[in-house]
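Undergrad: Before we start, here is the structure in question, set down as structure tokens.
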Amino acid sequence: MNLPAWLPALHDLPGLPLAGQLINLCAAIMLLLAFAMLAQRRIVTLINLFALQGAVLCLSTAIVALSTGQSHLWGSALLTLLLKVILLPWILHRLVHKLSVKWDVETLFNIPTTMLVGIGLVIIAFNVAQPISEFAGTITRSTIGIALACVMLAFLMMITRSKAVPQVVGFMSMENGLFFAATSATYGMPMVIELGVALDVLVGMVIFGVFFFQIREKFDSLDIRHLEEKTKQE
Amino acid sequence: MTIYAFATQLLTQLLELVIALALAPLLSGWVAVCRARLQKRCPPPPLLPYHTLLKLFRKDVLLAHNASSLFRVAPYIIFSCMALASAIVPTLSTELLFAPAADAIALVGLFALARVFIALAGMDVGTAFGSLGARREMLIGFLAEPALLMVFFTASIISGSTSLATIVGTLAHHEFVIYPSLAFAGVAFTMVSLAENGRVPVDNPSTHLELTMIHEAMILEYSGRHLALIEWAASLKLFAYSCLGIALFFPFGVAESTGPGALAVAGVFLVGKLAFGGFVLALIETLNAKMRVFRTPEFLGTAFLLAVLAILVHLLLEGGR
Amino acid sequence: MSPLALILLCLASWLAIGLIGAFFSRQFVLVARILFPLGALVGISVALAALSAIFTGNETAMLPLGLPGLPFHLRLDALSAFFLFLLGAVAAGISIYAAGYFRRGQGSTPGLQCLLYHLFLASMGGVLLADDAYFFMVAWESMALSSYFLVTSDHRIAEIRRAGFLYLIVAHVGAIGILLSFGAMTGGTGDYTFDGIRTNAPEGWLASAALLLALGGFGAKAGLLPLHVWLPEAHPAAPSPVSAMMSGVMLKTAIYGLLRVTFDLLPEQQWWWGALLLGLGLATALFGVVFSTVQSDMKRLLAYSSIENIGLIFAGIGLSLVFAANSMPLLAALALTAALYHCLNHAFFKSLLFLATGSVLHATGQRNLGRLGGLIHRMPWVAWLALLGVVASAGLPPLNGFVSEWLLLQSFLFTPQLPHGYLNMLLPVAAGAIALIAALAGFAMVKFFGVVFLGQPREEHLAKAHDAGRMERLGLIWLATGCVLLGVLPNFVIAALDPVTQLLVGAGFAQVSASGNWLLLAPISEERASYSGAIFLGGLLAFTLALFLVVRTVFHGRLRRADAWDCGFPLLSGRTQDTAEGFGQPIRQVFAPFFRITREHPSPFDKEPHYRIVVEDPLWHWLYLPLAWLVDLGTRVVGKLQQGRIAIYLLYSFVTLLALLVFTTR
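If you're matching them up, the sequences are chains V, X and Z in order.
Just so you know, we're using the numbering used here here: the first sequence kicks off at 25 and counts up by one.
Just so you know, we're using the numbering used here here: the second sequence kicks off at 980 and counts up by one.
Just so you know, we're using the numbering used here here: the third sequence kicks off at 286 and counts up by one.
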């Protein structure tokens, strides 16, 4: 029978250069990790997942740097490695240890529902990113959708969590997503901005750290809901 | 189709079936050995499942007074379903006689048919444990089935076909391409097959505590040759799932012809991959603790969503087809 | 004789049979043993005539009945022939069964039942043949009324009267929707023949309005969410052959109506209609199947399962609309084939299951799953035939339910080709939902069969249950054979569906069966997807048989009977097994937000521990009760007009007259 023209032929798979394939793989792993973080109950595992996401980000930046010869990307890959894979997880682990908050984090909604909302966000992100990626001329443009999805998922994680540490992790994972978007859309932001953002995140982390201790002293818990009650009283 | 092609396809088909029937208990035995080694226990002999089967076949069947004819027919039907399933999966070659009769969706249906019969058999005698096992099995079934189907869908959208032979042929015989979507699907498939085969995070095949049983609770009333058939069918199911995993995610080495040389090479590949897969399964079982029954919806729901993500990632990254 | 004439003759003979039955109302033997089997023969001839009409094509006629200047127009095209075939084939089985089913002294007199039943059949035939809106509505309404009286045949029970009333209300609200939809489609030309509607069909928002009205109207009849509430009430209330007829055939007339409006009468389809139908269908299916798993009344369970199947059919139609609107006729035909095939399958397996519950009801007097069990020992015929229906209904190979689900999933597989970003990403998720629904249907069916037929009898009197009679068995076998044949020989069905899809979307799959292997179903090409129910069934049976013989000859066939093991628990009784509620418990837990659950737990100190759980439909509380309250409020306001004094009524008439005079003479 006559097959319609739009039906693709069998045994004919589209090829991509190896670097593109690897970057796509990294993007997929980023997304997988974003979902894993969304569904993770334990704080320590959450921090490890965050570190892993940073490592994947670093790897993909390095691959882009290698394949396109954009030398400044090496700098940002190094920055990612130092800051997001080593320094921040280390600070977080210390914080968790000092605050002795190794308890299970509880989620506001049940996990399958959260994941289902996550899938919805991914669909929206992919479709929103479609026109942007058509403009971009990079080999990594198809990953813009994934980067956007990572940002949204991190945002969702901040919304659904009620404990302070996971919220901060969500915040930083959002930054990971932004960074990835920048790399894939335009081969990274200028170095100055990147350094500035990195510094911001670091300073933010320090402030959050001080803040955690203050909350804990005041309420004996890191649950954000106590703060909400406080503001209502005032 | 010429007579010659027909005959070779038939022979390949029979060969594959015989290999599945013969090797399936060994795979279960191998997993048990690996598991014992990893847990620093003294391993059972790897051929133990064969002895067990033989012993059970020789024993009399002890049938409950209340057992109906359905109870007696069910083991045969379940065994046939599993045997057909392992005949459909292209483990050695993609040129199988029976392959056009059932595609990936029909394979899922075949597993579901076996599940329905084993659940009904569990309810037949009317014991508390039997129906407890039956409803838990159906719970896992309705969660695992869509996830499995979505995994197949990912592979089908990539290769443009639901026929297992075409899928494996497409994935195995092209230049090396990394499919991020298949990575997602692979994780989902692993989760589903753990649940479907009653493996550790979901069920424990070596449990002795009735209240935590799923698969074992349903077959408590079976004995003799009936039990032997069901045990054999369970190991066939594990074999079929392992072969499916291999065929979808590590298809290199599957023969596309029916020549004896190609088949021999494919056989060697298959045994090696199965041994490795069994080890990985034992590793997973050792590293994880069994979860509460009501955590399984979360577990399998995650598998389902991963499979859906696999499709989405394919549509985005690999351009869709 | 042309097929149309033959079918008309058959419809007339159904009416005649009904009238004879009503006339000899007290002659039980005549009505039950002669008239109902005659009706079955008529059904078979309807099916045969319709089958030939599918291929011969269009035929029209005009009946000199109806209003002056507005005669009844009739048309027999492929679409109506397909549904007539469904009506005839299923009605044959149900009529034979009904011959053995109706007993003396139960409900209305058999003669009245006979009249209403055959009127019901004939009016459904009328709906399918109608070629103008007027005759369509006449037939539609007589179908609704006759089925209403059939539902309430045990009218002495208050619950049944209530169920019937609810059915009547929803049916009429739906009828208003259909009427308004026809009004919108004629667009003020006043030409109510379907030909007239086709030539000056509206476009733009008016077409969409007509579609939405029709969707509401036909959806109410089919049990689409949120208009499904009558279905789980009316099906258990009706006698089993009537439930089977309503679920198997009447729901399909609504599908027919919707197909007629969307694909035939309205010239241009919008993609969002399809998306809407798909979404509604999936929601309905999921809702129906989740509720069917937690029911403890066997007919309610089946009724919810009908809602599920209707949802799947709507989803198929929706997908077909999406493809058709994006001008992909081949895929539209694939999805439509799946939907139509599922109509046929559902008609067969659901009426089989409803009839099986009828036999159980007769043998035990129980509909409550908590009081049944172990019937496979007492009723082997019904049990094994019901098992076929269960396997078909759970969508398992090699029976018919699987084929249509397979086709539906195949058509979902091509959705990434759609030139629409959100749709082509959402539709694979929808395919996942369909898989979930099919798997849940398996759960519901295992519960149904396991609790009714397996295990130990939960009541003592179940030991006295008797198997179905000869006529009943014949009816069940007829339907079960249909399930097997439809599953094993899909290519013939698809070839017969080709003229229908050609008519509606302009593509079909006739060549699939014409060329190549008749055993192998491969709609697009064999390399892309193929399935063969026949090889599947043959392989399974052959292997099972061979296995049995091998085990017997190599080892032995020794068997001893003993007490059940049950891990050494000695006090095994019908009460120690799982209840129907217990079996549904995982679903209640996983899908808790779907339900409105009220539960009473016993405390450890209760002398007589009491456990009660009621699972209700939340829509009833969120939608229907507020609506009823609003209607009540409205009527109370209007009720103020009702004073009971003649002078006041005269005043109303006078004021109306004055007002009319003033307005009209201005």
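Note that the Cβ used here is the ideal one computed from N, Cα and C, for glycine as well.
Since this is a predicted model, take the numbers as computed values, not measurements.
Per DSSP, what kind of secondary structure is residue 28/V in: helix, strand or coil?
TA: Summary for residue 28/V: the model assigns pLDDT 49, below 50, so the residue's position carries little reliability; its value from the coordinates is reported in the next sentence. Of the three classes helix, strand and coil, the one that applies to residue 28/V here is coil, per DSSP.
Undergrad: I think residue 83/V touches residue 57/V, with their Cβ atoms under 8 Å apart; what is that distance to the nearest whole Å?
TA: Residue 83/V to residue 57/V, Cβ: 12 Å. No contact.
Undergrad: For residue 29/V, which residues from the same chain have a beta carbon less than 8 Å from its beta carbon, with the 5 sequence-adjacent residues on both sides left out?
TA: The predicted position of residue 29/V is uncertain, since its pLDDT is 47 and thus under 50; a value taken from the coordinates is nonetheless stated next. For residue 29/V, where only same-chain residues beyond five positions count, there are no Cβ hits under 8 Å.
Undergrad: For residue 1011/X and residue 988/X, I'd like the C-alpha separation in whole angstroms.
TA: Whole-angstrom Cα-Cα distance: 34 Å.
Undergrad: Note down, in chain order, all residues in the region 182 to 203 of chain V with a beta-carbon under 9 Å from any beta-carbon belonging to chain X.
TA: Within the region 182 to 203 of chain V, no residue has a Cβ that lies closer than 9 Å to any Cβ of chain X.
Undergrad: Per DSSP, residue 582/Z is paired with what?
TA: Residue 582/Z pairs with 653/Z.
Undergrad: What are the residues of the region 701 to 714 of chain Z that lie near chain V, defined by any Cβ-Cβ distance shorter than 8 Å?
TA: Listed by position, the residues of the region 701 to 714 of chain Z near chain V (Cβ gap below 8 Å) are 702, 706, 707, 710, 711 and 714.
Undergrad: If you reduce the DSSP assignment to three classes, tell me which class residue 347/Z lands in.
TA: Reduced to three states, the DSSP call for residue 347/Z is strand.
Undergrad: In whole angstroms, what is the alpha-carbon distance linking residue 386/Z and residue 757/Z?
TA: One C-alpha to the other measures close to 7 Å.
Undergrad: Flag residue 1300/X as yes if its beta-carbon sits less than 8 Å from any beta-carbon of chain Z, otherwise no.
TA: Because residue 1300/X carries a pLDDT of 38, less than 50, the predicted location of this residue cannot be relied on, and the following value inherits that uncertainty. Yes, because at least one Cβ of chain Z sits closer than 8 Å to the Cβ of residue 1300/X.
Undergrad: I need the boundaries of the alpha helix (DSSP H) containing residue 880/Z, first residue and last residue.
TA: Looking at the DSSP string, residue 880/Z is not in any alpha helix (DSSP H), and its letter there is neither H nor E.
Undergrad: Suppose you measure from the CA of residue 1174/X to the CA of residue 1255/X; what does that come to, to the nearest Å?
TA: Approximately 19 Å, taken between the alpha carbons.
Undergrad: In chain order, what residues of the same chain lie with their CB nearer than 8 Å to the CB of residue 1287/X, ignoring the 5 residues before and after it?
TA: Taken in chain order, the residues that qualify are 1129.
Undergrad: Whose Cβ in chain Z lies nearer than 9 Å to the Cβ of residue 1210/X?
TA: The contacting residues do not exist; residue 1210/X stays about 14 Å from chain Z at best.
Undergrad: If you compare alpha carbons, which of 300/Z, 591/Z, 931/Z and 636/Z is closest to residue 374/Z?
TA: Nearest option by C-alpha distance: 636/Z.
Undergrad: Under three-state DSSP, which class holds residue 855/Z?
TA: Coil at residue 855/Z, not helix or strand.
Undergrad: Evaluate the contact criterion for the region 416 to 435 of chain Z versus the region 455 to 468 of chain Z: three or more CB pairs, one atom per stretch, below 8 Å.
TA: Yes: at least three Cβ pairs fall under 8 Å.
Undergrad: What do you get for residue 947/Z, buried or exposed, if any count of 16 or more other CB atoms within 10 angstroms of its CB means buried?
TA: That one is exposed.
Undergrad: Go ahead and pull the three-state DSSP assignment for residue 1124/X.
TA: Here residue 1124/X sits in helix by DSSP.
Undergrad: List the DSSP bridge partners of residue 1040/X.
TA: 844/Z.
Undergrad: Scan the region 814 to 829 of chain Z for residues whose Cβ lies nearer than 7 Å to a Cβ of chain X and list them as they occur along the chain.
TA: The region 814 to 829 of chain Z vs chain X, Cβ under 7 Å: 814, 815, 816, 817, 820, 821, 824, 825, 828 and 829.
Undergrad: Among 1027/X, 1099/X, 1098/X and 1138/X, which one has its Cα closest to the Cα of residue 814/Z?
TA: For the residues 1027/X, 1099/X, 1098/X and 1138/X, the minimum Cα distance to residue 814/Z belongs to 1138/X.
Undergrad: Over the uninterrupted alpha helix (DSSP H) stretch that includes residue 113/V, give me the two end residues.
TA: Segment 112 to 123, the alpha helix (DSSP H) holding residue 113/V.
Undergrad: Would residue 836/Z pass as an interface residue toward chain X - the criterion being a Cβ-Cβ separation below 8 Å?
TA: Cβ-Cβ to chain X under 8 Å: yes for residue 836/Z.
Undergrad: Between which two residues does the alpha helix (DSSP H) harbouring residue 1058/X extend?
TA: Looking at the DSSP string, the run of the alpha helix (DSSP H) that includes residue 1058/X is 1048 to 1067.
Undergrad: Report, in whole angstroms, the separation of the C-beta atoms of residue 829/Z and residue 1055/X, which I expect to be a contact under 8 Å.
TA: With a Cβ gap of about 5 Å, residue 829/Z and residue 1055/X count as contacting.
Undergrad: Based on Cα-Cα distance, which residue from 998/X, 1131/X, 1245/X and 1208/X lies nearest to residue 1093/X?
TA: The option with the nearest alpha carbon to residue 1093/X is 1208/X.
Undergrad: Could you give the distance in angstroms between the alpha-carbon of residue 97/V and the alpha-carbon of residue 1292/X?
TA: Going from the Cα of residue 97/V to the Cα of residue 1292/X covers about 25 Å.
Undergrad: In whole angstroms, what separates the C-alpha of residue 879/Z from that of residue 136/V?
TA: Roughly 15 Å separates the two Cα atoms.
Undergrad: Using the rule of at least 16 other Cβ atoms within 10 Å of the residue's Cβ for burial, across every protein chain shown, is residue 1096/X buried or exposed?
TA: So residue 1096/X ends up on the buried side.
Undergrad: Is it buried or exposed for residue 931/Z, if we count other Cβ within 10 angstroms and need 16 for buried?
TA: Label assigned to residue 931/Z: exposed.
Undergrad: Would you report the Cα separation of residue 916/Z and residue 504/Z, rounded to the nearest angstrom?
TA: Taking the straight line from one Cα to the other gives about 22 Å.
Undergrad: Report the CB separation of residue 1120/X from residue 865/Z in whole angstroms; it is logged as a contact under 8 Å.
TA: Not confirmed; about 18 Å, so no contact.
Undergrad: Assign residue 842/Z to buried or exposed, taking buried as 16 or more other Cβ atoms, counted over all protein chains shown, within 10 Å of its Cβ.
TA: By the 10 Å Cβ count, residue 842/Z comes out exposed.
Undergrad: Buried or exposed for residue 286/Z, going by 16 or more other Cβ atoms inside 10 Å?
TA: Per the 10 Å Cβ criterion, exposed.
Undergrad: So, at 8 Å on beta carbons, what are the nonlocal neighbours of residue 120/V in its own chain, with the 5 sequence-adjacent residues on each side left out?
TA: So the list reads 67, 68, 71, 126 and 189, once near-sequence residues are dropped.
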